[in-house]
Amino acid sequence: MEHQTEKGNFTYILQCGDGSLYCGWTNDLEKRLAAHNAGTASKYTRSRRPVELIYFEEFGTKQEAMSREYQIKHLTRQEKLALIRHGKD
């Protein structure tokens, strides 16, 4: 289990080329976005390129970012859009 308290762990939401939303986490946002657009990051986004980063939150630990990813993935599309519009809930 990671116990670092430095920033650099991100939960993010992408808008895919087909209009769908994708949520994930990473410790290198720029590199992960490039991987999604190259088709090497996830099967889901591979066939839905290009993707655009539309929302992210930064956390001190990997566990916090993964926990937030889990929470966001269980939101409805409308709840995700509200989060994006209004920031953290």
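Start counting the sequence shown at 4; every next residue gets the next number (the numbering used here).
We put the beta carbon where it would ideally sit given N, CA and C, even for glycine.
As the structure is a prediction and not an experimental result, all values here were calculated from the model.
Proximity winner among the options, relative to residue i (alpha-carbon distances)
{"i": "Gly-27", "options": "Lys-76, Asn-40, Gly-11", "result": "Lys-76"}
{"i": "Leu-78", "options": "Asn-12, Ile-16, Gly-11", "result": "Ile-16"}
Residue i (DSSP reduced to helix, strand or coil)
{"i": "Thr-29", "result": "strand"}
{"i": "Leu-84", "result": "helix"}
{"i": "Leu-36", "result": "helix"}
{"i": "Glu-14", "result": "Inspection of the sequence shows that residue 14 is occupied by Thr rather than by Glu. Three-state DSSP puts Thr-14 in a strand."}
C-alpha gap between residue i and residue j, whole angstroms
{"i": "Tyr-47", "j": "Leu-36", "result": "13 Å"}
{"i": "Gln-66", "j": "Ser-50", "result": "29 Å"}
{"i": "Leu-24", "j": "Asn-30", "result": "20 Å"}
{"i": "Thr-14", "j": "Ala-44", "result": "15 Å"}
{"i": "Lys-34", "j": "Gly-22", "result": "22 Å"}
Supposed contact pair residue j and residue i - C-beta distance, whole angstroms, cut 8 Å
{"i": "Gln-18", "j": "Glu-55", "result": "5 Å"}
{"i": "Lys-10", "j": "Gly-63", "result": "6 Å"}
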